[in-house]
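A.B. asks:
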Amino acid sequence: MSILVTGGAGYIGSHTCVELLNAGYEVIVVDNLSNSKKEAINRVEKITDRSIKFYEMDILDQKALDLIFKANDIDAVIHFAGLKAVGESVEKPLLYYRNNITGTLSLLEAMSHSNCKNIVFSSSATVYGMNNISPLTEDLPLSTTNPYGTTKMYIEHMIRDTYHSDNNWSATLLRYFNPIGAHESGTIGEDPKGIPNNLMPFITQVAVGKRDKLSVFGNDYETHDGTGVRDYIHVVDLAKGHLKALEYTLNNKGVEAINLGTGTGYSVLDMVHTFHHTTKQPISYEITARRPGDIATCFADTSKAKQLLNWETELTLEDMCRDSWRWQSRNPEGY
Ligand code: NAD
Ligand code: UFG
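If you're matching positions, the sequence shown starts at 1 in this note's numbering and goes up one per residue.
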C-alpha cells in the first residue's frame, strides 16, 4: 500500500515515515524543504533500511501534484506540509493563509482528480482557543488566537465540507498537543531554524551551550507551581498514532477529529526539573513576563483516541527528555 506524506522531511513527518516504512507501507514524500533538510529523508532510510520516493516540490503546484498521483497508485495521504510558527503567522498572515490553506486546497483538488479520498490531517490543539477548560474533548467549540491556528481551523472546515459534498471521502483530523522527543537512534529530531519558539528545543539548546538561559514565561498562572501546563507527547508515540489513524481512515468513511496527547499536563518547571534529573544537565532559567496569547493549562481528553483508534501513549516524560537530549547532543547544529 502506498502513502503520500506531504511535509515528510519535517519533524513529525520524518518520525511518521519511520513507522510507516517499518510497518511495510511504500512511502512517497513531497516536501519543498522550506523548513527541513533532505538529510532527514536519508536518515529515515538508514534507520529503516528502506527507500522513500522523494519529490522536492511545493504542494501549491497542483499540476505537479496531479502528475505524482498519476505516476503512483496512492491509497491515502498524510498531510503534514504547512508553516507552523505562531509569531511569524501574526507578522505574515497572508503567507500562512496561502501556504497552509491554498496548499491544502491544491492537495484536496489533486486527490479529487485522482479519486484518492483518504486523508489524515495534522491539526492542532490550538483550535481549542483560549476559553475551553482542560481536559479538552473533541466536541468543544473551536476558536483561535492567531493566523496559524485559524489556518488549522479553516482546513478542518474545508475537509468536512468536502466530505459533506461527497461521502466517499474519509478523513481523520489529528489534533496534536505538544510533540517533543526524538527517535531513539538519535539521528532524527526537531531542527528549528534560529531561536526556538517552543520549550523543549530551547531547553536542549541551553543544555548544549547554544543559549544562555531559559526564560520561563510567567509564574503567576493558576497551576500547581504558577508556570504554564501542557500535554507533552513523545513524537514516536505521535507517529504511531498516525499509523492507527491511517488504518482507521482506510476502513471508515466520514470525518473524525481526534486528540493525540497523553492526557497529563506538566508545568514548565516540571520540564526543567525532569530534564535535569534525567540527563544530568542543569538548566539555567529566569522568570520573565507572560508570553501574550499563552493560556495557563492545556491537556487532552484522550478517550476518543483510545476508543476509535485503540491507541494510547507508551513513553514517559523521562523518555521524552532523554531522547530530546540524545538528538541535540549528537547533532548540536541540527542536520
Ligand atoms: P515541520 O516544519 O518540521 O514540518 C513541516 C514540513 O512541511 C517541513 O518539512 C516543510 O519544509 C514542509 N512544507 C511546508 N510548506 C510546504 C509546502 N507548501 N509544500 C511542501 N512542503 C511544505 O513541522 P512539524 O513540527 O513536523 O509539524 C508538522 C505538521 O504538524 C504541521 O502542519 C504543523 O502545523 C502541525 N503541528 C505541529 C505541532 C508541533 O508542535 N510541532 C503541533 C500541532 C500541529
Ligand atoms: N515556554 C517558556 N519559555 C520558552 C518557551 C515556552 O516558558 O522559551 C512555556 C510557554 O509559556 C508554555 C509552555 O512553555 O507554557 C509550552 O510552550 P510551547 O511554545 O512549547 O508550546 P505551546 O503550547 O505554546 O504551543 C504549541 C505549538 C503550537 C500549537 C500549540 C497547541 O507550538 O503550534 O502547542 O497545540 F498551536
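Virtual Cβ for every residue (Gly too), placed ideally from N, Cα, C.
Does the ligand NAD have even one heavy atom less than 7 Å from the beta-carbon of Asp139?
C.D. replies: Not so, every heavy atom of the ligand NAD lies at least 7 Å from the Cβ.
A.B. asks: Would you report the Cα separation of Gly181 and Thr204, rounded to the nearest angstrom?
C.D. replies: Each residue's Cα considered, the two are about 10 Å apart.
A.B. asks: So which of Asp49, Met158, Tyr128 and Thr162 has the shortest CA-CA distance to Arg175?
C.D. replies: Cα-wise, what sits closest to Arg175 is Tyr128.
A.B. asks: What do you reckon, are the CB atoms on Ile78 and Val30 nearer than 8 Å?
C.D. replies: Not in contact: Ile78 and Val30 (Cβ atoms no closer than 8 Å).
A.B. asks: Can we count Gly263 as close to the ligand NAD, meaning its CB is less than 7 Å from some heavy atom?
C.D. replies: The answer is no for Gly263.
A.B. asks: Please report the residue range of the alpha helix (DSSP H) in which Ser324 lies.
C.D. replies: Note, Ser324: alpha helix (DSSP H), Leu317 to Arg330.
A.B. asks: If you check the beta carbons only, do Asn178 and Tyr248 fall under 8 Å apart?
C.D. replies: For Asn178 and Tyr248, no; Cβs fall outside 8 Å.
A.B. asks: What first and last residue would you give for the alpha helix (DSSP H) that runs through Ser106?
C.D. replies: That run of the alpha helix (DSSP H) goes Gly103 to His113.
A.B. asks: On the three-pair Cβ rule with 8 Å, is the region 258-271 touching the region 132-152?
C.D. replies: Short answer: they touch.
A.B. asks: Looking only at its own chain, which residues have a Cβ that is under 8 Å from the Cβ of Ser284, when we skip the five neighbours before and after it?
C.D. replies: Once the five neighbours on either side are set aside, the close Cβ partners of Ser284 are Val206, Asp212, Lys213 and Leu214.
A.B. asks: List the residues that DSSP assigns as beta-bridge partners of Thr227.
C.D. replies: None; Thr227 has no bridge partner.
A.B. asks: Beta strand (DSSP E) containing Glu256: first to last residue?
C.D. replies: Run containing Glu256: Gly254 to Leu260, per the beta strand (DSSP E) assignment.
A.B. asks: To the nearest whole angstrom, what separates the beta carbons of Leu4 and Ile74, a pair I think is in contact under 8 Å?
C.D. replies: That pair is a contact at about 5 Å.
A.B. asks: In the DSSP assignment, find the unbroken alpha helix (DSSP H) run with Phe299 in it and report its ends.
C.D. replies: Phe299 -> no alpha helix (DSSP H), and no H or E assigned at all.
A.B. asks: Name, in chain order, the residues that DSSP records as bridge partners for Ala171.
C.D. replies: DSSP, once it has assigned bridges, lists Ile119 and Val255 as partnering Ala171.
A.B. asks: Along the alpha helix (DSSP H) that carries Glu19, what are the first and last residues, could you check?
C.D. replies: Element bounds for Glu19: Tyr11 to Asn22.
A.B. asks: Please determine whether the Cβ atom of Cys298 lies at a distance below 7 Å from any heavy atom of the ligand UFG.
C.D. replies: Yes, since a heavy atom of the ligand UFG falls inside the 7 Å radius drawn around the Cβ of Cys298.
A.B. asks: Which residue from Phe121, Ser134 and Asn310 puts its Cα closest to that of Met158?
C.D. replies: Nearest C-alpha to Met158: Phe121.
A.B. asks: Identify whether Ile283 lies in helix, strand or coil by the three-state DSSP scheme.
C.D. replies: Coil.
A.B. asks: Specify the secondary structure class of Glu26 as computed by DSSP and reduced to three states.
C.D. replies: In the structure shown, Glu26 sits in a strand (DSSP, three-state: E or B).
A.B. asks: Quick one: grab the DSSP three-state call for Ala245.
C.D. replies: If DSSP states are grouped into helix, strand and coil, Ala245 belongs with the helices.
A.B. asks: Rounded to a whole number of angstroms, what is the C-alpha to C-alpha distance between Val198 and Arg230?
C.D. replies: It is Asn, not Val, that sits at residue 198 in the sequence shown. Rounded to the nearest angstrom, the two C-alpha atoms are 12 Å apart.
A.B. asks: Within 8 Å, do at least three Cβ pairs link the region 42-58 to the region 7-18?
C.D. replies: Counting Cβ pairs under 8 Å, three or more are found: they touch.
A.B. asks: State yes or no: is the C-beta of Leu214 nearer than 7 Å to some heavy atom of the ligand UFG?
C.D. replies: Yes; taking the cut-off as 7 Å, the Cβ of Leu214 has a heavy atom of the ligand UFG nearer than that.
A.B. asks: On the DSSP letters alone, give me the boundaries of the alpha helix (DSSP H) that Ile41 sits inside.
C.D. replies: Per DSSP, Ile41 belongs to the alpha helix (DSSP H) from Lys38 to Thr48.
A.B. asks: I need the straight-line Cα distance from Ala40 to Cys116, nearest angstrom please.
C.D. replies: For Ala40 and Cys116, the distance between alpha carbons rounds to 27 Å.
A.B. asks: Just to check, is the beta-carbon of Leu173 closer than 7 Å to a non-hydrogen atom of the ligand UFG?
C.D. replies: Outside the cutoff, so no.
A.B. asks: When the Cα atoms are used, what is the spatial distance from Gly293 to Val86?
C.D. replies: For Gly293 and Val86, the distance between alpha carbons rounds to 10 Å.
A.B. asks: When the Cα atoms are used, what is the spatial distance from Glu26 to Met1?
C.D. replies: If you take the alpha carbons of Glu26 and Met1, they lie about 6 Å apart.
A.B. asks: Count the C-beta pairs between the region 87-107 and the region 216-224 that are closer than 8 Å, then say yes if the count reaches three, no if not.
C.D. replies: With the cut-off at 8 Å, the region 87-107 and the region 216-224 do not touch.
A.B. asks: Using CA atoms only, rank isn't needed, just tell me which of Pro282, Ile101 and Pro196 is closest to Ile155.
C.D. replies: Considering only alpha carbons, the answer is Ile101.
A.B. asks: What's the gap between the Cα of Ala23 and the Cα of Thr187?
C.D. replies: Distance between the alpha carbons of Ala23 and Thr187: 20 Å.
A.B. asks: When the Cα of Lys304 is compared with those of Asp61, Leu173, Val268 and Thr145, which residue comes out closest?
C.D. replies: Taking only the C-alpha atoms, the option nearest Lys304 is Leu173.
A.B. asks: Could you tell me if Lys244 is buried or exposed, where buried requires 16 or more neighbouring beta carbons within 10 angstroms of its beta carbon?
C.D. replies: Answer is buried; the Cβ neighbour count reaches 16.
A.B. asks: Assuming the contact rule is C-beta atoms closer than 8 Å, Ser170 and Lys240 should be a hit. Round their C-beta distance to whole Å, please.
C.D. replies: About 20 Å separates the two Cβ atoms, so there is no contact after all.
A.B. asks: Pick from Gly7, Ser134, Phe54 and Ser124: whose alpha carbon is nearest that of Ile295?
C.D. replies: Ile295 has its Cα closest to that of Ser134, out of Gly7, Ser134, Phe54 and Ser124.
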